[in-house]
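Down below is the structure, laid out as structure tokens.
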Ligand SMILES: [Zn+2]
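In my numbering, the protein residues as written are 242 to 536.
Okay, structure coming up:
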């Protein structure tokens, strides 16, 4: 089946965008409005919602195997009790629309793949709209940062709004710790593939152990940004989101991403940017403001 949401930057590699439903959050969460200190209570109280935003996951067809980046959301979010009632975030700050056919398993099958054929699943972090599709991958190697796994599990993880009770039984992902191998402006990286063309990059801020994934293909970098920012504009503007617990770390990460996109042609692919799929299919690289010619 021909997939309109994909691109093939080099022979042997194809990247697919998979939209697993939509989500609305508070405008103040998307755009922290320049505040230095985040305040969850302010986000909870805010009245303005974003428009419905895509919940994106990604599939890379790679010569070494299929790589999935994030698993999107599950349709179970509309079951009563799936989200804990006591947690205010789910009651007042999140709306999601996901059908069974939106889930990542059915989407992969429509493209002619079985989830069982996926070699690696990389989680950028454990928020529900990134980890909700985990049960589709009982046979894949799941990869996350050690820092975010520790941050998200158990009672303390639940208090922080994660849903470890819905992770697969006996869940034991491969845990990544920051290495000393630089990747451009990033001080640490881990190569996922033997070809050294897929790199896992610690990009702390949105969560303490947030991972981004960089794929080098041809002369471009495809940067799978998770929730480093909700849009490309917010990344270029250095705008920290309204829910981070560590604005300084988030700002440093955004600065590194801006350095990368000015050093190398980069297609920037966050999880909730309505323009991300078009940028992928057109392989549209970021043009940093400093490089733009005056009109
Ligand atoms: Zn998130």
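A virtual CB, placed ideally from N, CA and C, is assigned to each residue, including glycine.
Of the choices 348, 337, 300 and 349, whose alpha-carbon is the least far from that of residue 256?
Locating residue 256 in the chain shown gives position 15, where the first residue counts as 1. Out of 348, 337, 300 and 349, 300 has the C-alpha closest to the C-alpha of residue 256.
Do residue 456 and residue 417 count as a contact pair if the criterion is CB distance below 9 Å?
Here residue 417 refers to the residue found at position 176 of the chain shown. Here residue 456 refers to the residue found at position 215 of the chain shown. No, the Cβ-Cβ distance between residue 417 and residue 456 is not below 9 Å.
Beta-carbon contacts of residue 403 that lie in its chain and below 6 Å, excluding the five residues immediately before and after:
Taking the first residue of the chain shown as 1, we reach residue 403 at position 162. Contacts found: 367 and 393.
Under 9 Å, do residue 264 and residue 294 count as touching if we go by C-beta distance?
The residue given as residue 264 occupies position 23 in the chain shown. The residue given as residue 294 occupies position 53 in the chain shown. Yes, the Cβ-Cβ distance between residue 264 and residue 294 is below 9 Å.
Let me know if residue 475 comes out buried or exposed under the rule of 16 or more other beta-carbons within 10 Å of its beta-carbon.
Along the chain shown, one-based indexing puts residue 475 at 234. That one is buried.
Leaving out five residues on either side along the sequence, give the residues of the same chain with a beta carbon under 7 Å from the beta carbon of residue 471.
Numbered from its first residue, the chain shown carries residue 471 at position 230. Within the same chain, residue 471 has close Cβ partners 271, 482, 511, 513 and 514.
Is residue 448 near ligand 1, with its Cβ less than 8 Å from a heavy atom?
Locating residue 448 in the chain shown gives position 207, counting from the first residue. Yes; taking the cut-off as 8 Å, the Cβ of residue 448 has a heavy atom of ligand 1 nearer than that.
Which residue comes first and which comes last in the alpha helix (DSSP H) that contains residue 390?
The sequence position of residue 390 within the chain shown is 149, counting from 1. Residue 390 -> alpha helix (DSSP H) spans 387-393.
Coil, strand or helix - residue 260 by DSSP
Here residue 260 is taken as the residue at index 19 of the chain shown, counted from 1. Strand.
With respect to 8 Å, is the separation between the Cβ of residue 487 and the closest non-hydrogen atom of ligand 1 below this value?
Position 246 of the chain shown, counting from 1, holds the residue named residue 487. No, since every heavy atom of ligand 1 falls outside the 8 Å radius drawn around the Cβ of residue 487.
For a test of the three-state rule: what should DSSP assign to residue 471, helix, strand or coil?
On the chain shown, position 230 is the one that residue 471 refers to. Three-state result, residue 471: coil.
Tell me the start and end of each unbroken beta strand (DSSP E) in the stretch 463-521 that is at least 3 residues and wholly inside, in chain order.
507-511
Tell me, please, whether the stretch 418-438 touches the stretch 315-334 by the rule of three or more beta-carbon pairs shorter than 8 Å.
no
Tell me whether residue 376 is buried or exposed, calling it buried when 16 or more other Cβ atoms sit within 10 Å of its Cβ.
Residue 376 sits at position 135 when you count from the first residue of the chain shown. Residue 376 is buried by the Cβ-count criterion.
Helix, strand or coil for residue 312? Go by DSSP, reduced to three states.
What you label residue 312 is simply residue 71 of the chain shown in a count that begins at 1. Note: residue 312 maps to coil in three-state DSSP.
Below 8 Å, is the gap between the Cβ of residue 514 and the nearest heavy atom of ligand 1?
One-based indexing of the chain shown puts residue 514 at position 273. Because no heavy atom of ligand 1 lies under 8 Å away, the Cβ of residue 514 does not count as near it: no.
Residues in its own chain within less than 7 Å of residue 389 by CB, not counting five upstream and five downstream?
Within the chain shown, the letter at position 148 stands for residue 389. Excluding positions up to five away in sequence, the list reads 366, 367, 448, 449, 450 and 451.
Could you tell me the alpha carbon to alpha carbon distance between residue 216 and residue 523, rounded to whole angstroms?
Nothing in the structure corresponds to residue 216, since the chain is present only between 242 and 536.
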